[in-house]
Amino acid sequence: MKKTIKIAIITIFLIIILSILVFILTQFYQKHKKVYYAEDFGIEVVLSKNDMDNDTIDDYTDILQGARKEAENKPKYKSAYYSGGYPPDSEGVCTDVIWRAFKNAGYSLKDMVDEDIKNNVEKYPRVSGKPDPNIDFRRVPNLKVYFERNAITLTTDLSKIEEWQPGDIVVFGTSHIGIISDKRNKKGIPYLIHNSRTTTKRRRCTRT
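Per numbering that gives the first Met the number 0, the sequence shown starts with residue 0, numbered consecutively.
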């Protein structure tokens, strides 16, 4: 009987020690982990109800994955005019991240922008009444107008981390554009997938 009690006490003691160790290791891991995700902050990831390309992946996730593919491709930053509009896969600017991400979800952003400009040219100051399908969809001011007209405007408050979702489009004034990553820093602020003048990479989102 005494032996049984002794074994039980030892077992309980070991369980307590193990629980403490697990807690300490978990805290250490969370503190030193460089990359975080929505679930680390109790944030529910919003998924689209649409699946344009019927690949069983929702559109928001498809857009995110398309942006990630562009980042992995590391196209050379080159701003140029191309007949037909599309640059080669090895080249691109910030706007190319966007249409390529949309293409991955089954959308032709070029066609969508061209159509909106055709029907509402007065809404696009950068076009100046003379649409050019070879470049219009690759200009940030035009994408800004297009998304303001056809998408929901979300918060720019970095403290509202739960409102920042993977696949969101971020426009920096009229000079730069990128896509929110599913990865975040230790404060819960999401990283940005974009193409700067160096290379396409994920950076901390600091939009204003």
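Beta carbons are placed, not taken as given, at the ideal position from N, Cα and C, and that holds for glycine.
- For the region 51-93, there is no continuous beta strand (DSSP E) assignment of 3+ residues that stays within its boundaries.
- As DSSP reads the structure, residue 35 sits in a beta bridge with 183.
- Judged by DSSP in its simplified three-state form, residue 145 adopts helix.
- A distance of 8 Å or more separates the beta carbons of residue 169 and residue 160.
- Setting aside the 5 residues that flank it on each side, residue 115 is surrounded in the same chain by 145, each with a C-beta closer than 6 Å to its C-beta; the list follows chain order.
- For residue 118, the secondary structure class from DSSP, reduced to helix, strand or coil, is helix.
- As the crow flies, the alpha-carbon of residue 48 is around 8 Å from that of residue 58.
- Annotated three-state conformation of residue 133 is coil, per DSSP.
- Each of 147, 83, 155 was checked against the Cα of residue 132, and the nearest Cα belongs to 83.
- As the crow flies, the alpha-carbon of residue 39 is around 15 Å from that of residue 45.
- Secondary structure note for residue 168: its beta strand (DSSP E) is the uninterrupted segment 168-171.
- For residue 97, the secondary structure class from DSSP, reduced to helix, strand or coil, is helix.
- When Cβ pairs closer than 8 Å are counted between the two stretches, the region 89-104 is seen to touch the region 61-68, the count reaching three or more.
- The beta carbons of residue 190 and residue 183 sit about 7 Å from each other, so the pair counts as a contact at 8 Å.
- Between residue 143 and residue 172, the alpha-carbon positions lie close to 8 Å from each other.
- Counting only residues of its own chain and dropping the five nearest sequence neighbours on each side, residue 163 has a CB closer than 7 Å to the CB of 179, 189.
- Secondary structure note for residue 191: its beta strand (DSSP E) is the uninterrupted segment 189-194.
- Exclusion of the five residues before and after residue 150 leaves 168 as the residues of its chain whose Cβ lies within less than 8 Å of its Cβ.
- Assignment of residue 176 by DSSP, reduced to helix, strand and coil, places it in the strand class.
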